[in-house]
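Numbering (the working numbering), first residue to last: 47 to 665. Built from N, CA and C at the ideal position, the CB exists for glycine as well.
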């Protein structure tokens, strides 16, 4: 066998740059490049290898967690068919990525993490930033990645790379098992040379198949649907990742079956399709909540049934409700005692379309769904109507951005009160127009995620909507967006603290404690002094962003017009009234203190106990 002598790091990059994927006859490279921050744990290994491989682009990030967010957003926009490598030094560089790894795995998004590690030889231990253990020498902070990775490996000998890398690609390209993959490479091993088989570095294409479920289960599902009177589809992220949106539209237009959408699944149907009831669950629309409560058959497509989707297991109240789950992941497919159709959403819906050609929901049900769709659209129109208040109303701000944006543009968010309002209100026109990270709902994802989304879809405007809390968590990838000339439009809504948790705290009787950005009061020794004078506009400008301040929604609309003409990242700053909120229509199970000195807490506990009575086990 012919060989080539390379370092472990050189061999890793040479292998990764030749990995391709193919689905439906379309083939392309899997890795778009590498995000990284170089330190002593990877600069002489992976850093050197990237330096001599200019065909594998390297992007310098400002925060290790943020670069994973950017990679995840990129892959999400690409329907998981492309991804990035993320590399760090050892110690804090590595542990900074753990949050990003958890986010990727929870959201079922592929990303390859290559943190540097301590010396495999152990000769100079403890090295700088090494975690020592009196129980074992075979441990480092990189072991923290194990529970949040779908595949984890440590390369202690150069030849281990030959069998490890195919496993890395197997998991990354698996629709069922994908998530964060961690390849931990000690810093001395990265630089070691070995005679690798040349065959290892030839182009390899990984097929992404479209699997069908067992035929007998498929026929049972068809029989269940045909016998149903009030069926409901819950469209999750898997609907979009599989490219099933067009066949879903055809299927529901023929049958009249209503569709509700999770956060990841929003965009599965355009908002104005009559069968689209919009958001499902805790942040759902009244129509979706009502229909879910009555549904006799629930068809979950590519959803993992989070507590937000199920209204904390109280959303489905029909005593005879049955679940049919369509999912490439067996683990998700069996949830709620469902009839499991383990397979690809697109081909399963195509089979449904062919075999359920004559089924239609009852006319009275069809009419009700259409009325609920139209009624909600009128509600949204009222929210969007310009009131021009100062400070602004968040719902109106969303409306201004929604109405100004083009169909192919992307709105992106992750945490705070914005996700719930966007879930309910945003009128989606394109499957990729709504980008919410809500599996982990990670504060700080927004701007980094916006960067990744823009890199994936450069011809679209990316509108990052972010509250001041998330902005303060992580905003420094503005610098990366400037460096890479990836223009974002960031709409920063300032409500002087943690608005979402403040509202939740108030609803639980705790009066928004600890959720305002205030000085400590010298008299009370509590955080109830004056508001902190944070200048977000100046901060963004210092990182290179063009900044526009708006004091009301009319000025915001003008700012959006100007922002579209600017060729670099632009931040639009606007104050919003945190006490004026878009209404919610469902509860969420957040445990309330059983006893308290405060009557408001005791009242909240009584309400909590009543809501708990509606929860069910779906067996």
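- Residue 619 and residue 447 have their alpha carbons spaced roughly 13 Å apart.
- DSSP places residue 382 outside any beta strand (DSSP E), giving it a letter other than H or E.
- If you keep only unbroken alpha helix (DSSP H) runs of at least 4 residues inside the segment 559 to 609, you get 582 to 588.
- Under the three-state reduction of DSSP, residue 346 is assigned to strand.
- Contact between residue 325 and residue 338 does not hold, since their C-beta atoms are separated by about 11 Å, which reaches or exceeds 8 Å.
- For residue 325, the uninterrupted beta strand (DSSP E) run begins and ends at 322 to 325, by DSSP.
- With a minimum length of 4 residues, the unbroken runs of alpha helix (DSSP H) contained wholly in the segment 507 to 550 fall at 514 to 519 and 523 to 529.
- With a cutoff of 8 Å on beta-carbon distance, residue 285 and residue 357 are scored as not near each other.
- Straight across, the Cα-Cα distance linking residue 541 with residue 224 is about 37 Å.
- Closest option to residue 150, judged by alpha-carbon separation, among 531, 468, 661 and 488: 488.
- Rounded to whole angstroms, the gap between the alpha carbons of residue 550 and residue 636 is 9 Å.
- DSSP, read as helix, strand or coil, puts residue 198 in strand.
- Look at the segment 365 to 429 and you find these whole runs of beta strand (DSSP E), each 3 residues long or longer: 368 to 373 and 385 to 388.
- Taking a 10 Å sphere around the C-beta of residue 170, we find fewer than 16 other C-beta atoms and assign the residue as exposed.
- According to the DSSP secondary-structure assignment, residue 277 is paired through a beta bridge with 343.
- Between the alpha carbons of residue 465 and residue 621 lies a distance of about 18 Å.
- Fewer than three pairs of CB atoms, one per stretch, sit closer than 8 Å, so the segment 240 to 252 makes no contact with the segment 160 to 179.
- Here residue 424 is exposed, its C-beta having fewer than 16 other C-beta atoms within 10 Å.
- Of the candidates 174, 99 and 477, 477 places its Cα closest to the Cα of residue 283.
- Looking only at 178, 96, 264 and 195, the smallest Cα-Cα distance to residue 398 is reached by 264.
- Using a 10 angstroms sphere on the CB of residue 288, the tally of other CB atoms reaches 16 or more, which defines it as buried.
- If you compare the alpha carbons of 115, 215, 330 and 658 with that of residue 630, the shortest gap goes to 330.
- By the neighbour-count criterion, in which a residue is buried when 16 or more other Cβ atoms sit within 10 angstroms of its Cβ, residue 156 is buried.
- With at least 16 other beta carbons inside 10 angstroms of its own, residue 598 counts as buried.
- According to the DSSP assignment, residue 297 belongs to the alpha helix (DSSP H) that extends over 291 to 301.
- Annotated three-state conformation of residue 232 is strand, per DSSP.
- Using a 10 angstroms sphere on the CB of residue 120, the tally of other CB atoms reaches 16 or more, which defines it as buried.
- Residue state for residue 72 is assigned as strand, using DSSP reduced to three classes.
- Comparing alpha-carbon positions, the option among 493, 54 and 236 lying closest to residue 513 turns out to be 493.
- Sorting 195, 376 and 389 by C-alpha distance to the C-alpha of residue 218 places 195 at the top.
- Under the three-state reduction of DSSP, residue 307 is assigned to strand.
- Restricting attention to 178, 215 and 147, the CA atom closest to the CA of residue 192 is found in 147.
- If you draw a straight line from the Cα of residue 327 to the Cα of residue 588, it is about 40 Å long.
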